[in-house]
Amino acid sequence: MTNYHVVAEQVNHPEKYRLEYRTVDGATGKVAVLALDVLHDLAVVRAEGYAPAPLKLEAGTPVKGDRTYSVGFPSTWG
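Now the structure itself:
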């Protein structure tokens, strides 16, 4: 998942732009757009040949300096 505005230029001008990923170890590959929700600024994408391990959840309280991740969702009301 990503935001629509991240892939919008490629979606609107596929002849001009391409989507790719690059991992921390330098591997690259194509990214394909599977579905869009322009109203809620969402895009479902698939990174070909890339399947990272799921995030591990910790039960404890993070300590200063720990790596953290934030996962959000768009407001669907209002």
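The opening position of the sequence shown corresponds to residue 71 in the working numbering, with each subsequent residue numbered one higher.
Cβ atoms here follow ideal geometry from the backbone N, Cα and C, with glycine treated the same way.
Delimiting residues of the alpha helix (DSSP H) encompassing residue i
{"i": "Y74", "result": "Y74 to N82"}
Start-to-end residues for the beta strand (DSSP E) that takes in residue i
{"i": "T98", "result": "T98 to D107"}
{"i": "A117", "result": "L112 to A117"}
{"i": "E85", "result": "Taken as a continuous stretch (DSSP letters only), E85 belongs to no beta strand (DSSP E), as it is neither H nor E."}
Which of helix, strand or coil DSSP assigns to residue i
{"i": "R92", "result": "strand"}
Between the CA atoms of residue j and residue i - distance to the nearest angstrom
{"i": "T93", "j": "P124", "result": "15 Å"}
{"i": "K134", "j": "M71", "result": "28 Å"}
{"i": "R137", "j": "K126", "result": "11 Å"}
So, does the segment 102-109 touch the segment 78-90, judging by three or more C-beta pairs under 8 Å? Contact holds: three or more Cβ-Cβ distances are below 8 Å.
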